[in-house]
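In the numbering used here, the protein residues as written are 13 to 423.
Using N, Cα and C, we set each Cβ at its ideal position, and we do this for glycine too.
Note that the coordinates shown come from a computational prediction; the quantities given were computed from them, not determined experimentally.
Here the structure comes first, spelled out in C-alpha cells, and everything after it is commentary.
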Amino acid sequence: MLLSGESLPTHATPHQPTAERRRAKGAPRRMPFGCIGLRDEKNYNSLSDITDKYEIGQLLRAKEFCEICVARERQTDRLYICKKFLKKDGRKVRRAAKNEIFILKMVNHPNILQLIDTFETRKEFYIIQELATGGDVFDWILDQGYYTEKDASNVVRQVLEALAYLHNLHIVHRNLKLENLMYYNQNNRSKVVLRDFYLSRFENGAITEPCGTPEYLAPEVVARQRYGRPVDCWAVGVIMFILLSGNPPFYDDTDDENSDSHNRRIFRKILAGEYDFDSPYWDEISVTAKKLVSRLMEVDQDQRITAQEALGHIWISGNIASEKNLKEGVCAQIEKNFAKAKWRKAIRVTTFMQRLRATDVSSRLPVTPRTSMSVAHEVTIEAPRLAEHLETPCSLEEQESKTEVAAEQRE
C-alpha cells in the first residue's frame, strides 16, 4: 500500500512492458520466435593436440561405429589402440562415442582394456586404449596344440570376474560375445580382456532397446521386455557353450543366414530356451560344466545365476574341469560354424526387431529337454509372438533421438 505522495518504484510500474520486468528480475532475455541464439563456444581439441602426442597409424579395420588404428605415443614409443568416431556418421555414432568414454572413465579392472586418453575435435571423437596383441579367443583356440575343458574354465572365469566388477557398478555390457574377448598378449597364459563398451548402459530399470548380436541375445531382449545385468550372464552361457563344443546353442540350418526369417527362427528358439547338448560334441564334457551352462542360460532372468554366484560354482572355483584334449572336435566345429563374417562383426538388431510384432501376450513356451542331463521343464514368460513383415512403432532409441533433437532445438 502506497502513502500519499509516494511513487511506484521503477521495477514495479504496473504498465512496465513484460520484457523489461523480466530483465529487472534478472531473467534471461527471450529471443524472438525464429531467431537462433548463439551458444557458448565449446573448447574442442585441435588435430595437432592429438598428433603432437601420438602418431596415428593406418586404418586396421572399420567397425560399426568407429575406425580402428594403432597409435604410437611419441614420448615413450608405446603402442596403443586408437578408435576414431566420425561425428558426420550420425547421432548414433556420436552417442556411442560419448557412451564408451563415459563408461571407460569409470572402470579400472585387469580384465578390461583400460582407457589411456580421449580427444574431441569438431569432427571426431578419439579414444586411446591399451593394445591387446594376443588375438581373439577364437584364434587362440585354433592356434593351440592342446585345448581342454580347464582352458575354457579359465576363460569363463576371467570374463565373470570382469562382469562381476561391472555389475557391482550397475553397468550392463550388452554386447558380450567371443569376438569381444581378447588375449592381452601372446604369452601362453595371458589374461583375457573385455573390449567395446559403446553399447554399455547403466542399469536403471528402464532398458528396453534391443541391441547386440542376434545369437547372443537373452530371451528378455528378444521379448522386448525391460532388462538389466542378467542379459550379460546369458551371453556368458552362450560363450561357454561355444567354448566347450564349437557350436552355437541356437542355430538354423537354412542357408538364408542374413534374412529376417533366419533371425526369427533363432529368436523363437531363444525365447523357448531350445538348445541341446548334442552327441558327439558334448560326450566328453563334464556334467558339472553342463549344469553351469544351464544356470547361465535360464530363460527366466530372475532365476538366472549372477556373475558373482557363477564365480563360486565348482566348475569355476574348483579344480574339477577335465584336462582331456578337446581340440580336434572343438576346432573343427569352430571352423565350420564361425568362419562367417556375420559372427565377426557387431550387429545392431534394432531395425530387425522393429519388424517383429510388438503385441505382448502370455505364451507358454516348452523348453527342449536337455537329454544329456535328463533335464526337462516348462516356463511361462511374457513374450511377443513373432510374425512376419509387421512394423512396430518407433523404438526406444528413436524416441530418445527425437527427444534429443527437441532438446537441441529448445536450446
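Please classify Leu72 as buried or exposed, where buried requires at least 16 other C-beta atoms within 10 Å of its C-beta.
Walking along the sequence shown from the start, residue 72 turns up at place 60. Note on Leu72: under 16 other CB atoms within 10 angstroms of its CB, so exposed under the neighbour-count rule.
Applying the criterion that 16 or more other CB atoms from any shown protein chain within 10 Å of the CB defines a buried residue, is Ala174 buried or exposed?
Taking the first residue of the sequence shown as position 1, residue 174 is located at position 162. Counting every other CB atom within 10 Å of its CB across the protein chains shown gives Ala174 a total of 16 or more, marking it as buried.
Is it buried or exposed for Met309, if we count other Cβ within 10 angstroms and need 16 for buried?
Taking the sequence shown and counting its residues from 1, the one referred to as residue 309 is at position 297. Buried.
For a minimum of 4 consecutive residues, which ranges assigned as the alpha helix (DSSP H) are wholly contained in the region 112-163?
Listed in chain order, the alpha helix (DSSP H) runs fully inside the region 112-163 are 149-155, counting runs of at least 4 residues.
Of the residues Leu127, Glu132, Glu76, which one's Cα is nearest the Cα of Thr63?
If you number the sequence shown from 1, residue 63 lands on position 51. Nearest C-alpha to Thr63: Glu132.
Expressed to the nearest angstrom, what Euclidean distance is found between the alpha-carbon atoms of Lys104 and Asn123?
Translated into positions along the sequence shown, residue 104 becomes position 92. Translated into positions along the sequence shown, residue 123 becomes position 111. Each residue's CA atom was taken as its position, placing Lys104 and Asn123 some 27 Å apart.
Tell me the DSSP secondary structure of Ala83 in three-state form.
Taking the first residue of the sequence shown as 1, we reach residue 83 at position 71. In the displayed model, Ala83 falls within a strand according to three-state DSSP.
Element boundaries [alpha helix (DSSP H), containing Met252]:
Here residue 252 refers to the residue found at position 240 when the sequence shown is read from its first residue. Start and end: 242-257.
For Glu335, count neighbouring C-beta atoms within 10 Å of its own C-beta (all shown protein chains included) and say buried if the count is 16 or more, exposed if not.
Taking the first residue of the sequence shown as 1, we reach residue 335 at position 323. Label assigned to Glu335: exposed.
Which residues in the same chain as Glu136 place their Cβ atom closer than 8 Å to its Cβ, once the five residues preceding and following it in sequence are excluded?
Locating residue 136 in the sequence shown gives position 124, counting from the first residue. Excluding sequence positions up to five before and after Glu136, its CB lies within less than 8 Å of the CB of Lys96, Phe97, Leu98, Lys99, all in the same chain and listed in chain order.
Does the distance from the C-beta atom of Ser212 to that of Ile93 stay below 9 Å?
For the purposes of this step, residue 212 is taken as residue 200 along the sequence shown, with counting starting at 1. For the purposes of this step, residue 93 is taken as residue 81 along the sequence shown, with counting starting at 1. Against a cut-off of 9 Å, the Cβ pair of Ile93 and Ser212 comes out as no contact.
Reduced DSSP category for Arg236 - H, G, I as helix; E, B as strand; rest coil:
If you number the sequence shown from 1, residue 236 lands on position 224. Residue state, collapsed to three classes: coil.
Buried or exposed: where does Asp295 fall if 16 or more other Cβ atoms within 10 Å of its Cβ makes it buried?
Taking the first residue of the sequence shown as position 1, residue 295 is located at position 283. When all chains shown are included, Asp295 counts as exposed.
Can you give me the C-alpha to C-alpha distance between Leu338 and Lys303, rounded to a whole angstrom?
Taking the first residue of the sequence shown as position 1, residue 338 is located at position 326. Taking the first residue of the sequence shown as position 1, residue 303 is located at position 291. C-alpha separation (whole angstroms): 19 Å.
Looking only at C-alpha atoms, which of Pro292, Asn187, Ala230, Leu323 sits nearest to Lys281?
On the sequence shown, residue 281 is found 269 positions in, with the first residue counted as 1. Selection Pro292, Asn187, Ala230, Leu323 evaluated against Lys281 yields Ala230 as nearest (Cα-Cα).
Under the DSSP definition of a beta bridge, which residues are partnered with Leu98?
By one-based count along the sequence shown, residue 98 stands at place 86. Glu136, per the DSSP bridge assignment.
Mind checking which residues open and close the alpha helix (DSSP H) that includes Glu67?
Locating residue 67 in the sequence shown gives position 55, where the first residue counts as 1. Boundaries around Glu67 are those of the beta strand (DSSP E), 66-74, since no alpha helix (DSSP H) includes it.
Helix, strand or coil at Arg307 according to DSSP, with G and I counted as helix
Position 295 of the sequence shown, counted from the start, is the residue given in the question as residue 307. Helix at Arg307.
So, do the region 318-325 and the region 168-182 have three or more beta carbon pairs nearer to each other than 8 Å?
Three or more Cβ pairs closer than 8 Å define a contact, and the region 318-325 meets that threshold against the region 168-182.
List the endpoints of the continuous beta strand (DSSP E) containing Leu193.
Counting from 1 along the sequence shown, the entry for residue 193 is found at position 181. Residues 193-195.
Measure the C-alpha to C-alpha separation of Leu323 and His182 and round it to an integer number of angstroms.
Within the sequence shown, numbered from 1, the residue matching residue 323 stands at position 311. Within the sequence shown, numbered from 1, the residue matching residue 182 stands at position 170. Inter-residue distance for Leu323 and His182 is about 18 Å (C-alpha atoms, whole angstroms).
Residues in its own chain within less than 6 Å of Tyr239 by CB, not counting five upstream and five downstream?
Locating residue 239 in the sequence shown gives position 227, where the first residue counts as 1. Contacts found: Ile219, Glu232, Val233.
Environment of Glu347 [buried if 16+ CB atoms lie within 10 Å]
Numbered from its first residue, the sequence shown carries residue 347 at position 335. With fewer than 16 other Cβ atoms within 10 Å, it is exposed.
Cβ contact check for the region 138-146 and the region 82-93: 3 or more pairs under 8 Å
Yes, since at least three Cβ pairs between the region 138-146 and the region 82-93 fall closer than 8 Å, the two stretches touch.
Pairwise C-alpha distance: Thr130 and Leu172
By one-based count along the sequence shown, residue 172 stands at place 160. By one-based count along the sequence shown, residue 130 stands at place 118. Rounded to the nearest angstrom, the two C-alpha atoms are 27 Å apart.
Same chain, Cβ closer than 7 Å to Phe45, five either side skipped, listed in chain order:
As a working note, residue 45 is residue 33 in the sequence shown. Reliability of the predicted coordinates at Phe45 is poor, the pLDDT of 49 falling under 50, and the value obtained from them is presented with this limitation in mind. No residues qualify anywhere along the chain.
Given a threshold of 16 other Cβ atoms within 10 Å of its Cβ, counted over all protein chains shown, does Arg236 qualify as buried or as exposed?
Locating residue 236 in the sequence shown gives position 224, counting from the first residue. By the neighbour-count definition (other C-beta atoms within 10 Å, threshold 16), Arg236 is a buried residue.
Can you tell me the Cα-Cα spacing of Gly341 and Ile153, whole angstroms?
Position 329 of the sequence shown, counted from the start, is the residue given in the question as residue 341. Position 141 of the sequence shown, counted from the start, is the residue given in the question as residue 153. Approximately 12 Å, taken between the alpha carbons.
For Met118, does the count of other Cβ atoms within 10 angstroms reach 16, so buried, or fall short, so exposed?
Position 106 of the sequence shown, counting from 1, holds the residue named residue 118. That one is exposed.
Extent of the continuous beta strand (DSSP E) run through Leu206:
Position 194 of the sequence shown, counted from the start, is the residue given in the question as residue 206. In this chain, the beta strand (DSSP E) harbouring Leu206 covers 204-206.
Which whole runs of the alpha helix (DSSP H) in the region 271-337 are 4 residues long or more, in chain order?
Entirely contained in the region 271-337, the alpha helix (DSSP H) runs reaching 4 residues are, in chain order, 272-284, 299-308, 319-323, 326-329.
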